[in-house]
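Trainee: The numbering of the sequence shown is the UniProt record's numbering, which starts it at 1 and goes up by one.
Note that CB positions come from ideal geometry on N, CA and C, so glycine has one too.
As the structure is a prediction and not an experimental result, all values here were calculated from the model.
My questions will all concern the structure given below.
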Amino acid sequence: MFQDILRVGALACISPVQTSLAALVLTGMVARLGPDALAGYGIGQRLEFLLIPIAFGVGVAAVPMVGMAIGAGQVVRARKVAWTGAWLAAAILAVLGLLVVLWPRLWSGIFTQDAAVLVHADAYLRTVGPAFGLFGMGLVLYFASLGAGHVLGPVLAGTVRLLVVIAGGSWLMAGATPSAQGLFVLVVVAMALYGLCTIASVWRTPWHKK
Numbered sequence: 001m002f003q004d005i006l007r008v009g010a011l012a013c014i015s016p017v018q019t020s021l022a023a024l025v026l027t028g029m030v031a032r033l034g035p036d037a038l039a040g041y042g043i044g045q046r047l048e049f050l051l052i053p054i055a056f057g058v059g060v061a062a063v064p065m066v067g068m069a070i071g072a073g074q075v076v077r078a079r080k081v082a083w084t085g086a087w088l089a090a091a092i093l094a095v096l097g098l099l100v101v102l103w104p105r106l107w108s109g110i111f112t113q114d115a116a117v118l119v120h121a122d123a124y125l126r127t128v129g130p131a132f133g134l135f136g137m138g139l140v141l142y143f144a145s146l147g148a149g150h151v152l153g154p155v156l157a158g159t160v161r162l163l164v165v166i167a168g169g170s171w172l173m174a175g176a177t178p179s180a181q182g183l184f185v186l187v188v189v190a191m192a193l194y195g196l197c198t199i200a201s202v203w204r205t206p207w208h209k210k
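Here's what the structure looks like:
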């Protein structure tokens with residue numbers, strides 16, 4: 001039994017560490033661009049962290065449903081639950097992303113009226129917002145994979161995201177004129193890659209009762 005728990009749980013512990021490390025690395029890089037850029041990034045990142053519990057609400061419901069279906073040998077039902085939850089989260093987060101792309105001040109205006117900070121906060125939201133849907137889909141499929149006992153693929157997707165942030169950020173900061181906008185583009189690329197890699201891994205991984 002302990003082996004079964006650790007087989008999934010040990011890998012699952014890596015995912016939140018990856019998320020935190022990516023945020024820490026980006027924060028350190030943006031901080032080198034000045035307090036206005038850092039404050040604007042922080043405002044945008046707060047919304048990104050709000051997406052996680054929204055997707056968590058859908059994902060945590062999928063875990064037992066997928067697990068019970070796998071245990072009963074109903075793999076088709078398990079995958080249907082996973083994809084239904086993933087599309088639901090994607091739709092919710094995509095709507096939120098569209099809102100902040102069109103009207104970023106709905107969020108950034110809550111925290112500051114400083115024009116210099118708002119420039120960076122609004123730029124972050126407009127740049128990263130389009131990937132919210134993919135990010136939410138990836139998160140729910142990660143939770144569904146926990147229920148199925150096949151979590152390696154989503155964890156590797158998180159590794160891809162972290163490596164893109166570290167490598168891409170280091171390259172951007174080593175340039176002659178590093179910019180906050182360049183780092184914001186890196187964020188959306190890493191976020192989209194996480195979603196796409198998770199989708200691909202779940203799509204290609206056969207689920208079965210172990």
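1. Give me the Cα-Cα distance between Ala116 and Pro154, rounded to the nearest whole angstrom.
2. Using 8 Å as the threshold, is the C-beta distance between residue 212 and Ala31 below it?
3. Exposed or buried, Ser170, counting other C-beta atoms within 10 Å across all chains shown (16 or more means buried)?
4. Per DSSP, what kind of secondary structure is residue 258 in: helix, strand or coil?
5. With C-beta atoms as the reference, is Ile14 less than 8 Å away from Thr112?
6. By how many angstroms is the C-alpha of Ser20 removed from the C-alpha of residue 211?
7. Of the choices Gln181, Val60, Val189, whose alpha-carbon is the least far from that of residue 227?
8. Can you tell me the Cα-Cα spacing of Arg105 and Val128, whole angstroms?
9. When we look at the beta-carbon of Arg204 and count the other beta-carbons within 10 Å, is it buried (16 or more) or exposed?
10. Could you tell me the boundaries of the alpha helix (DSSP H) in which Pro130 lies?
11. Tell me the residue span of the alpha helix (DSSP H) that contains Asp36.
12. Pull up the distance between the alpha-carbon of Leu102 and that of Met68, whole angstroms please.
13. Can you grab the Cα-Cα spacing for the pair Leu162 / Val25, in whole Å?
14. Should Leu50 go down as buried or exposed, given a rule of 16 or more other Cβ atoms within 10 Å for buried?
15. According to DSSP, is Arg32 helix, strand or coil?
16. Does DSSP classify Thr198 as helix, strand or coil?
Mentor: On the basis of the supplied data:
1. 37 Å
2. This structure cannot settle anything about residue 212, because the visible part of the chain is limited to 1 through 210.
3. Its Cβ having fewer than 16 others within 10 Å, Ser170 is exposed.
4. Because the chain here runs from 1 to 210, residue 258 falls outside it and cannot be looked at.
5. no
6. Not covered by the structure: residue 211. The range shown for the chain is 1 to 210.
7. Summary: the structure shown does not reach residue 227, with the chain confined to residues 1 through 210, and so no result is reported for it.
8. 15 Å
9. Arg204 is exposed by the Cβ-count criterion.
10. Neither: Pro130 is in no alpha helix (DSSP H) and is coded neither H nor E.
11. 35-71
12. CA-to-CA, the gap between Leu102 and Met68 works out to about 41 Å.
13. 9 Å
14. exposed
15. coil
16. helix
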